[in-house]
Structures are given as C-alpha cells and as structure tokens.
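Participant: Could you have a look at this structure, given as structure tokens, before my questions?
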Amino acid sequence: MRRILTLAFVIAMFSSWAFAQGKQYQIAGVAFYNLENLFDTIPNNPLGRDEEFTPNGARQWTGKRYWSKIHNMAYAISNLKTERTPLGPAILGVSEIENITVLQDLVKDPQLKDLHLQIIHHDSPDRRGVDVGFLYNPRLFRPLNVTHHTLHIDSNPNFRTRDQTCVSGLLMGEPVSLIVGHWPSRIGGQKQSSYLREAAAALAREIADSVLRVNPAQKIVIMGDLNDDPGDISCSQIIGAKKKIKDVTEGGWYNPWWEVLDSGIGTLAYKGSWNLFDQIIINNNLIGKDRSTFKYLKCKVHNDIPGMKTTEGDRQGYPLRTFSAGLFLNGFSDHFPTQIFLIREAK
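Written as structure tokens, this is what we have:
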C-alpha cells in the first residue's frame, strides 16, 4: 500500500519536476502583481478616499463592475502557472487592495478556488486606504512568522504610506523570508519624491538585515511595486542590487529585472516609455549553481497572457487596465505581473 499514491499527488509531483541529465528537479514560483485599485463597493475609508469606488461615486463602482474585476484578476493569476509549476506560484505578493475582503472574494473565484489559496493581510495607515497582501498555496508554502513595518519619514512626519510585510516560512520545506512592499508613488515628480522611495528601500534593507542577523544563511526576497526602476537609487544603491550575478558578493543582492528592462520589456508604460516597477529582488543566498537547495533559475514578465493587452490606439501593447481617462474598459491592471522561478534537485 505504501507504493500506492493518489493520482492527484502523482500528477502534482511529476509536473513540478524538470528532467535533465538523468536528474530530477523541483521548480517553485514566486510572483508579484499590482491589482490596480481592487476596492469593494462599500464606503468605509474614514477620510472618504474610497468614495469614487462606490455605486454613486465617480467610477460608478457597482457590484457588477466589482465582480467583473475579481473575475479578471482571478483569470490573470490562474495564468501564472507554467508546465513545470502546474499549481501556479507557491507565493504571490499583491498590492493596491482595499482590505482582506477583496482578497477573500478573489481566492473564492472558480478559477482559483481549487488551489485553496491562503491570505496574509494587514491594514496599513495609507491615506488612500490601499494595502499590500500575500497569497500562498498551503501545499507549497507554510508561514511561520509574520511582521508588519511602518515607514516613518523624519523630515515629513505626517506622511503615510503602505506598510511592508515580512513573511518567513517554509517553501516546500526550505526556510525563506519574503518582504512585500508598495513603495511611495512618484506624485509630485520622480526627483522630488525620490527620497520617499529611498526611505522605503532603507526600511526593506533594515527588515532583511534583521532576519540575516538571526540566520546569515536565510534566503530572502524583496518584492513589490517599488515605483522605481532597477537602476534608480532606491534599488541599485540603497538595496544595492546588482545587474549581473557575477557582481553579487557575500551579503549582496541581485536584481534580474535590470537586464529585462534594458531589453525593452517592462511592466507598465507611460507616454511610450516602459518602466519595470514590479520587481522581485533576491539575496546572495538564492544565487549560485548548488542545486541541493533552492536557487534562482529565471524570471518572467507575464505580458503574454491572452486578453491582458490593449490592442489598439496609442496604448497598443500596454496592460489593459480597468479604467482609462474615466472610461470603464473592463480590463485587468495597469501593471503586468512578474515571477521568478527557483530550482533545486529533487530529493
């Protein structure tokens, strides 16, 4: 009887293995997606910042539009799976969500329901009322510790933004920590607001360093909508993430998206120019050729999911968003999702 396995288990295990040179490998996906204003229809922001996303608000955000948005987001997430990761990403960081309720509605959508995705969420002090969140497949990841971190700006004490969430747990039995953030926007100008994102980057490094002080071998991921590109100060200097793996030293960081953007691929576009704000940055413990534990394999901008691009006009090829110039497009998000893949030899 020990040799008899359920069909579902056999399919899941063998589908997640890649075969090469007589060895078997396991692949795990870690993804991020900005869900662009995933608000419910209920006015519940104390400052009234969500009024536009109500049935009588400027967006005429009715139940029909809300559930269409949920369906579209679920469709996008269901398409983050690959041949080698048939269950989809083990971990998915998300941003621009109003509350835990919208995530609960999202994971119950028929396109995702069978995955039994679990939720980690925290209400942030952001004035607009949006948060980051964390979805995970309990068959692939088990959280052990969760902390939330508020960004304080000494020179701007009234500034409020999204908290950063750090989740430490076991990815298919292997320890890993993930820091999910949505760094301050570029409102007011990129240069004028740069100090805010640099402070957010410093907070992310502080969180990571605190984890590494406990365990210098811990594998760490910093991911989110960083509102900066890989070459900007926040990522390249404050985080210190390198463009090339060969330049990463002990205790250093690697940013695989730098060369992706250099090749002309981004996650959002503005006036004909691509940006790559949706980054997943890894520390040196996740790079190398030792396949006995999880190591970085490759990254992907999911810009090829059918139906998720604008097909005409001056925004052709851009992400098909929910609204454009106040017009309801019944789209997805103004960002494409991103994902990295980790590989290890199967035991």
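Start counting the sequence shown at -10; every next residue gets the next number (the numbering used here). Think of the CB as a built atom: it goes at the ideal place given N, C-alpha and C, for glycine as much as any other residue.
Taking the beta strand (DSSP E) that G82 falls in, what are its first and last residues?
Facilitator: 80 to 86
Participant: Once DSSP output is grouped into helix, strand and coil, what is the label at K336?
Facilitator: If DSSP states are grouped into helix, strand and coil, K336 belongs with coil.
Participant: For the region 167 to 248, which segments carrying the alpha helix (DSSP H) assignment without a break, of at least 4 residues, lie completely within its bounds, in sequence order?
Facilitator: 179 to 203
Participant: How many angstroms separate the CA atom of N264 from the CA atom of R175?
Facilitator: Our two residues, N264 and R175, have alpha carbons roughly 12 angstroms apart in a direct line.
Participant: Which residues mark the beginning and the end of the alpha helix (DSSP H) in which W56 is found?
Facilitator: 52 to 67
Participant: Roughly how many angstroms separate the alpha carbons of D221 and L106, rounded to a whole number?
Facilitator: 34 angstroms
Participant: In three-state DSSP terms, what is L129?
Facilitator: coil
Participant: Please report how far the alpha carbon of L286 lies from the alpha carbon of N274, in whole angstroms.
Facilitator: 13 angstroms
Participant: So, helix, strand or coil for I0, using DSSP?
Facilitator: Any reading at I0 must be qualified, since the residue scores a pLDDT of 34, below 50, and its modelled position is unreliable; the value itself is stated next. In the structure shown, I0 sits in a helix (DSSP, three-state: H, G or I).
Participant: For K102, does the three-state DSSP call read helix, strand or coil?
Facilitator: Looking at K102 - three-state DSSP - the assignment turns out to be helix.
Participant: Buried or exposed for A47, please, with buried defined as at least 16 other CB atoms from any protein chain shown within 10 angstroms of its CB.
Facilitator: Classification for A47: exposed.
Participant: Are the beta-carbon atoms belonging to I269 and W242 less than 9 angstroms from one another?
Facilitator: no
Participant: Taking only the alpha-carbon atoms, compute the straight-line gap between E72 and V19 and give it to the nearest angstrom.
Facilitator: A straight-line Cα-Cα distance of about 15 angstroms links E72 and V19.
Participant: If I'm right that W172 touches L215 with Cβ under 8 angstroms, what's the distance once you round it to whole angstroms?
Facilitator: 5 angstroms
Participant: Does the beta-carbon distance from F191 to I227 come in below 9 angstroms?
Facilitator: Checking the sequence shown, residue 191 turns out to be Ala, not Phe. Result yes, Cβ atoms of A191 and I227 sit closer than 9 angstroms.
Participant: Output yes or no for whether 9 angstroms exceeds the beta carbon distance between G240 and N272.
Facilitator: yes
Participant: Taking the beta carbon of K58 as the centre, do at least 16 other beta carbons fall within 10 Å, making it buried, or is it exposed?
Facilitator: buried
Participant: Could you check the C-alpha separation between S262 and S281 for me, to the nearest Å?
Facilitator: 41 angstroms
Participant: Using a Cβ-Cβ cutoff of less than 6 angstroms, which residues in the same chain neighbour G277 once the five nearest sequence positions on both sides are dropped?
Facilitator: K284
Participant: Which of the three DSSP states is assigned to D303 in this structure?
Facilitator: helix
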